[in-house]
């Protein structure tokens, strides 16, 4: 079970380095991949789902090398790409039937049982005979998710699954991943920190193809313990510019502005230490990497 | 039925169902069927020629449309949306290519079948059961134009990963249809004698795409020997088909039967030019095989609807006066050697319909060995001989009813009873 990336590098056209020596491993639960646009998350997922070959290094999925065991790996994974497309003129049931056949689920009864199960789990029973083109974005995303879990995969790879969904639908999808994580390893890529925070048991943060952090979210938060500050300022107050202060949030209150940030020492008078959250940690990792890059330059 | 076959048939069925829900396809299907039905109804009992005309124009039109559709449909699994979902499934690359191709083929065959079904129903009241046979033949001929072209478009688009692959095929076919003199006759996809070339070439490209290129791209090509052998066999067939097509399109050579036929000359009261021509069913028809008969030699163009009215009348005369030594012989002038046989088959004619394979054009004046020998300026032309094969009547550019033919025959029979 699980996924293990070993010194993975992907270079497009010999020029653009999308992944740079990335190593990580996950056995179960939800592995969150976090990073800004262009950080290499989708490339990593495409390699995991056998759609791309790495330039160097490899990934083992369930112990199988993606370079050598593509058909077998495809049998074991469910993949939900970003901006998923489905045949617009097929009904929900026909879509799942089609995908089930592509998964070699040849026994009609078994395939129908699995489809019914997926429809029920994703609350799609009432939409069974509706064409895909008549569904809302959230409904389509649920159908796409249903096709990914149809083969009962041991690894489910989902790329930006909550992008474009309304808050209610987002929470529903997120909860579903948490539930699924009991059955298989879920690899969830997103740039929405709240999604990861809610469900991830391990976390990988990428930027410009480099792995900035890999470990548990709790450990990452521990490293920021005592370094996150909250500062309340009058509405027209000016935040004092301090060396090493990384602003992570700004909240407008009724008659004041609350600034949140990371600093080794209190950023100003009245600053109070606050419990770190994953958003703080993410911004801190990004700022640290940017600082190192500038220093190196 | 084996599991994989049942599974693949269901996949093709779902693919076709999905496409047929597309309003554009429904529109094409309904308009084609209705249009063909009305056209066939207006042609009355001329089922054979109607089916042939529909096969020529329907086949070409559907071939162009299918080719363009295949150009886009072939690449549906190449994008980052639906394509990524499909490519992440445990389907062998070759199987996926063949499934995509078969789905398109099934879809376009269904649409084409709708066209011929409409025509068949439109002509059923006039031509009766003959309409079914004629339009079945027409469907087969149209499908044989459409399928190789669509397959070529599909395979080239997949190989180049661009719809331009199919566009190149469409452009080439349009050049051929436009009659560019630089395009050799053996490269016309819509000639029956060229089909071995086009079927083999399209099979070759499909095999290369499915079993070599796609599997190589997906990292599945472990043992390339067998697919490479398959591609070699298809390539050899294509070379054979090409040689055959080129040979069939060659002008007659000195001393050949064709050349000898050209050297004859039709003159009233003199022996009519003889011929030795294939009937498209594996037989050779010779004038010398009908000694002592009154011959009705009818030269016509395959796509001439007026001429087609005479063929059933000739058939009626053959049945009525055959016992008294009256023998119609129809000569189809068409660069497509399959036209004569298709007409005879689709029309259910009991007399020989042969093809002059040396035909290069049918517009006035037609050009072929027999058109030269019979000095034909306009088609159709009818020559009535006496029992010693001397030309007694030379008529041209008209359709003949059974009554008119009966009068001509009775005049001859009055002069030369059995």
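Protein chains in written order, with the working numbering: chain S, 81 to 377; chain A, 40 to 457. Ideal placement from N, C-alpha and C gives every residue a C-beta, glycine not left out. Predicted, not measured: the structure shown is a model, and the values here were computed from it.
Review point. Which whole-angstrom value describes the C-beta separation of residue 247 of chain S and residue 221 of chain S, a residue pair presumed to lie in contact below a C-beta threshold of 8 angstroms?
Key: Taking the first residue of the first chain as 1, we reach residue 247 of chain S at position 167. Taking the first residue of the first chain as 1, we reach residue 221 of chain S at position 141. The distance from the Cβ of residue 247 of chain S to that of residue 221 of chain S is about 14 angstroms, inconsistent with a contact at the 8 angstroms cut-off.
Check your understanding: With a CB to CB cut of under 8 angstroms and the five nearest residues on each side skipped, what residues in its chain are close to residue 117 of chain A?
Key -> Numbered from its first residue, the second chain carries residue 117 of chain A at position 78. If we look at residue 117 of chain A and ignore the five residues flanking it on each side, its Cβ neighbours are 200.
Check your understanding: At which residues does the beta strand (DSSP E) containing residue 247 of chain A begin and terminate?
Key -> Within the second chain, the letter at position 208 stands for residue 247 of chain A. Run containing residue 247 of chain A: none; DSSP gives neither H nor E here.
Review point. Anyone know if the C-beta pair for residue 269 of chain S and residue 282 of chain S falls short of 8 angstroms?
Key: Counted from its first residue, the first chain places residue 269 of chain S at position 189. Counted from its first residue, the first chain places residue 282 of chain S at position 202. Going by C-beta atoms, residue 269 of chain S is not nearer than 8 angstroms to residue 282 of chain S.
Point to revise | Neighbour-count burial assignment, residue 109 of chain A, 16 or more Cβ in a 10 Å radius | key: If you number the second chain from 1, residue 109 of chain A lands on position 70. The residue in question, residue 109 of chain A, is buried, as its Cβ has 16 or more Cβ neighbours within 10 Å.
Exercise for review: Name, please, each residue of chain S whose Cβ falls closer than 8 angstroms to the Cβ of residue 145 of chain A.
Suggested key: Against the second chain, residue 145 of chain A aligns to sequence position 106. Under the 8 angstroms cutoff, chain S gives no residues; its nearest Cβ is about 15 angstroms from residue 145 of chain A.
Review point. Using a beta-carbon distance below 8 angstroms, is residue 163 of chain S in contact with chain A?
Key: As a first step, residue 163 of chain S is located in the first chain; it is residue number 83 there, counting from the start. Cβ-Cβ to chain A under 8 angstroms: yes for residue 163 of chain S.
Review point. What is the DSSP secondary structure of residue 220 of chain A, reduced to helix, strand or coil?
Key: Taking the second chain and counting its residues from 1, the one referred to as residue 220 of chain A is at position 181. Note: residue 220 of chain A maps to coil in three-state DSSP.
Review point. In this structure, does DSSP put residue 328 of chain S in helix, strand or coil?
Key: Here the question's residue 328 of chain S lines up with position 248 in the first chain. It is a strand residue.
Exercise for review: Examine chain A for any beta-carbon lying closer than 8 angstroms to the beta-carbon of residue 150 of chain S, and answer yes or no.
Suggested key: Within the first chain, residue 150 of chain S is the residue found at index 70, counting from 1. For residue 150 of chain S, at least one C-beta of chain A is nearer than 8 angstroms to its own C-beta.
Review point. Which chain S residues are close to residue 129 of chain A, counting only those with a beta carbon under 7 angstroms from its beta carbon?
Key: Within the second chain, numbered from 1, the residue matching residue 129 of chain A stands at position 90. Under the 7 angstroms cutoff, chain S gives 151, 154, 155, 183, 184.
Exercise for review: State the Cα-Cα distance for the pair residue 79 of chain A and residue 373 of chain A, rounded to the nearest angstrom.
Suggested key: In the second chain, the residue the question calls residue 79 of chain A occupies position 40. In the second chain, the residue the question calls residue 373 of chain A occupies position 334. Answer to the nearest angstrom: the Cα atoms are 22 angstroms apart.
Point to revise | Contact residues within the segment 407-420 of chain A, judged by C-beta distance below 7 angstroms to chain S | key: Cβ contacts with chain S come from no residue of the segment 407-420 of chain A.
Exercise for review: Closer than 8 angstroms by beta-carbon distance: list the chain S residues that pair up with residue 197 of chain A, in chain order.
Suggested key: What you label residue 197 of chain A is simply residue 158 of the second chain in a count that begins at 1. Chain S residues near residue 197 of chain A: none, gap ~17 angstroms exceeds 8 angstroms.
Review point. Does the Cβ-Cβ distance between residue 173 of chain A and residue 385 of chain A come in under 8 angstroms?
Key: The residue you call residue 173 of chain A lines up with position 134 of the second chain. The residue you call residue 385 of chain A lines up with position 346 of the second chain. Against a cut-off of 8 angstroms, the Cβ pair of residue 385 of chain A and residue 173 of chain A comes out as a contact.
Practice item. Can you say whether residue 164 of chain A is buried or exposed, counting buried as having 16 or more other CB atoms within 10 angstroms of its CB? Key: As a first step, residue 164 of chain A must be located in the second chain, where it is residue number 125. Exposed is the call here.
Review point. Under 7 angstroms Cβ-Cβ, which residues of chain S neighbour residue 49 of chain A?
Key: If you number the second chain from 1, residue 49 of chain A lands on position 10. Simply 181.
Exercise for review: Put residue 322 of chain A into one of helix, strand or coil per three-state DSSP.
Suggested key: Looking up residue 322 of chain A in the second chain gives position 283. Three-state DSSP puts residue 322 of chain A in coil, outside helix and strand.
Point to revise | Segments of 3+ residues assigned as beta strand (DSSP E) that fall wholly inside the segment 335-377 of chain A | key: 365-372
Practice item. Please work out which residues of its chain come closer than 6 angstroms, Cβ to Cβ, to residue 289 of chain S, disregarding the five sequence neighbours upstream and downstream, and give them in chain order. Key: The residue labelled residue 289 of chain S in the question sits at position 209 within the first chain. Cβ within range, chain order: 97, 98, 99, 100, 120.
Exercise for review: Check each candidate in S:331, S:132, S:159 and name the one with the smallest Cα separation from residue 146 of chain S.
Suggested key: For the purposes of this step, residue 146 of chain S is taken as the residue at position 66 of the first chain. Per the Cα distances, S:132.
Check your understanding: Is there contact here, the segment 224-244 of chain S with the segment 154-166 of chain S, by at least three beta-carbon pairs under 8 angstroms?
Key -> yes
Review point. Do you know offhand how far residue 362 of chain S's Cα is from residue 285 of chain S's?
Key: Position 282 of the first chain holds residue 362 of chain S. Position 205 of the first chain holds residue 285 of chain S. Going by the C-alpha atoms only, they are around 8 angstroms apart.
Practice item. Could you run through the segment 49-66 of chain A and flag, in chain order, every residue whose CB is less than 9 angstroms away from some CB of chain S? Key: 49, 50, 53, 54, 56, 57, 58, 59, 60, 61
Exercise for review: Tell whether a beta-carbon distance below 8 angstroms holds between residue 236 of chain A and residue 175 of chain A.
Suggested key: To locate residue 236 of chain A, count along the second chain from 1; it is residue 197. To locate residue 175 of chain A, count along the second chain from 1; it is residue 136. No, the Cβ-Cβ distance between residue 236 of chain A and residue 175 of chain A is not below 8 angstroms.
Review point. Going by DSSP, which residues form a beta bridge with residue 382 of chain A?
Key: As a first step, residue 382 of chain A is located in the second chain; it is residue number 343 there, counting from the start. DSSP lists no partner for residue 382 of chain A.
Check your understanding: Thinking C-beta only, is residue 210 of chain S closer than 8 angstroms to residue 171 of chain S?
Key -> Position 91 of the first chain, counted from the start, is the residue given in the question as residue 171 of chain S. Position 130 of the first chain, counted from the start, is the residue given in the question as residue 210 of chain S. Cβ atoms of residue 171 of chain S and residue 210 of chain S: closer than 8 angstroms.
Practice item. Taking all protein chains shown into account, decide if residue 63 of chain A is buried (16 or more other Cβ within 10 angstroms of its Cβ) or exposed. Key: Start at 1 with the first residue of the second chain, and residue 63 of chain A comes out as number 24. Counting other Cβ atoms within 10 Å of its Cβ, residue 63 of chain A stays below 16 and is therefore classed as exposed.
Check your understanding: Do the segment 415-434 of chain A and the segment 334-341 of chain A touch if we need at least three Cβ pairs shorter than 8 angstroms?
Key -> yes
Check your understanding: If you draw a straight line from the alpha carbon of residue 230 of chain A to that of residue 375 of chain A, how long is it in whole angstroms?
Key -> Reading the second chain from its first residue, position 191 is the one you call residue 230 of chain A. Reading the second chain from its first residue, position 336 is the one you call residue 375 of chain A. For residue 230 of chain A and residue 375 of chain A, the distance between alpha carbons rounds to 5 angstroms.
Practice item. Enumerate in chain order the residues of its own chain whose CB-to-CB distance from residue 333 of chain S is below 8 angstroms, with the five nearest sequence positions on each side excluded. Key: Here the question's residue 333 of chain S lines up with position 253 in the first chain. Answer for residue 333 of chain S: 312, listed in chain order.
**Study point:** Test: residue 230 of chain S CB closer than 8 angstroms to a CB of chain A
**Key:** The count along the first chain starts at 1 and reaches residue 230 of chain S at position 150. No, residue 230 of chain S lies away from the interface with chain A (no Cβ there is under 8 angstroms from its Cβ).
**Study point:** Beta carbon proximity, residue 177 of chain S to chain A, threshold 8 angstroms
**Key:** Position 97 of the first chain, counted from the first residue, corresponds to residue 177 of chain S. At least one C-beta of chain A is nearer than 8 angstroms to the C-beta of residue 177 of chain S.
Point to revise | Start and end residues, beta strand (DSSP E) containing residue 424 of chain A | key: One-based indexing of the second chain puts residue 424 of chain A at position 385. Start and end: 420-424.
Exercise for review: Evaluate the contact criterion for the segment 213-227 of chain A versus the segment 115-135 of chain A: three or more CB pairs, one atom per stretch, below 8 angstroms.
Suggested key: no
Check your understanding: Could you give the distance in angstroms between the alpha-carbon of residue 230 of chain S and the alpha-carbon of residue 204 of chain A?
Key -> As a first step, residue 230 of chain S must be located in the first chain, where it is residue number 150. As a first step, residue 204 of chain A must be located in the second chain, where it is residue number 165. Cα to Cα, residue 230 of chain S sits roughly 35 angstroms from residue 204 of chain A.
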